[in-house]
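Take a look at the structure set out below.
Residue numbers (UniProt numbering): 1 to 208.
Encoded structure:
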């Protein structure tokens, strides 16, 4: 059956004049609004209800910038450099810089591109914004010595429960036997703070 009225049952409202619509679409783009919010604003501001496809077509017709068509790399680098040069404390992250470029320069640069260029131009910026995020591991060196028996430890012993051994009378003898067996006097003797270590210390100093 022919629809002689020409109405399809859906009223999309009245399309604003081109100049008004162009200004609105560019304003929405400068604010980096997602497409669904732009559709909501068109309906709220002008009573104009359209689909995603129509909105994308209007953006193309009115040359509205999009992150899918960013400026050349050298232009992006120059613009980002100008913006972060005014941010000496490096507190503004990629999202803030991206929005500022959109408002100030009317350019749409993908966030990943902004982050990458910011990292190249200001390597310490991310660390300044998130101190401690990438903690440097502790520097650990290598234990080195001049050979076997460089250092001997005399620290600690087992109490053997109630069967404690009386070692006071033989500790220096064991010390001397170790030297005779190894045919060497070790450079360093490491002990705890016990009173019995005095004799070992005296013997070690004398032999060294």
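We put the CB at the ideal spot given by N, CA and C, even for glycine.
Member of the options whose CA lies at the smallest distance from the CA of residue i
{"i": "residue 101", "options": "121, 91 and 77", "result": "77"}
{"i": "residue 110", "options": "74, 95 and 63", "result": "95"}
{"i": "residue 14", "options": "60, 80, 49 and 175", "result": "49"}
{"i": "residue 84", "options": "146, 19, 123 and 12", "result": "123"}
{"i": "residue 75", "options": "27, 90, 114 and 198", "result": "114"}
{"i": "residue 151", "options": "189, 184 and 98", "result": "189"}
{"i": "residue 59", "options": "89, 147, 141 and 27", "result": "27"}
{"i": "residue 104", "options": "31, 47 and 128", "result": "31"}
{"i": "residue 179", "options": "141, 116, 191 and 208", "result": "208"}
{"i": "residue 88", "options": "142, 73, 129 and 53", "result": "129"}
{"i": "residue 47", "options": "12, 20, 29 and 73", "result": "12"}
{"i": "residue 16", "options": "29, 93 and 45", "result": "45"}
Three-state class that DSSP yields for residue i in the structure shown
{"i": "residue 153", "result": "strand"}
{"i": "residue 66", "result": "coil"}
{"i": "residue 5", "result": "Because the pLDDT at residue 5 is just 48, under 50, the model does not fix this residue reliably, and the point stays unresolved."}
{"i": "residue 54", "result": "helix"}
{"i": "residue 202", "result": "helix"}
{"i": "residue 190", "result": "strand"}
{"i": "residue 73", "result": "helix"}
{"i": "residue 125", "result": "helix"}
{"i": "residue 31", "result": "coil"}
{"i": "residue 107", "result": "coil"}
{"i": "residue 94", "result": "helix"}
{"i": "residue 175", "result": "helix"}
{"i": "residue 49", "result": "coil"}
{"i": "residue 82", "result": "helix"}
{"i": "residue 20", "result": "helix"}
{"i": "residue 44", "result": "helix"}
Beta-carbon contacts of residue i that lie in its chain and below 8 angstroms, excluding the five residues immediately before and after
{"i": "residue 176", "result": "203"}
{"i": "residue 33", "result": "41"}
{"i": "residue 91", "result": "128 and 129"}
Cut-off 7 angstroms between Cβ atoms - residues of its own chain near residue i, not counting five sequence neighbours on either side
{"i": "residue 107", "result": "65, 71, 79 and 101"}
{"i": "residue 5", "result": "With a pLDDT of 48 at residue 5, under the threshold of 50, the modelled position of this residue cannot be trusted; read the value that follows with caution. No residues qualify anywhere along the chain."}
{"i": "residue 55", "result": "35, 38 and 39"}
{"i": "residue 126", "result": "119"}
{"i": "residue 81", "result": "121"}
Buried/exposed call for residue i, threshold 16 Cβ in 10 Å
{"i": "residue 18", "result": "exposed"}
{"i": "residue 42", "result": "buried"}
{"i": "residue 98", "result": "buried"}
{"i": "residue 117", "result": "buried"}
{"i": "residue 206", "result": "exposed"}
Chain-order list of residues whose beta-carbon lies under 6 angstroms from that of residue i (same chain, five-residue window excluded)
{"i": "residue 62", "result": "22 and 25"}
{"i": "residue 67", "result": "108 and 110"}
{"i": "residue 51", "result": "none"}
{"i": "residue 138", "result": "none"}
{"i": "residue 149", "result": "182, 184 and 186"}
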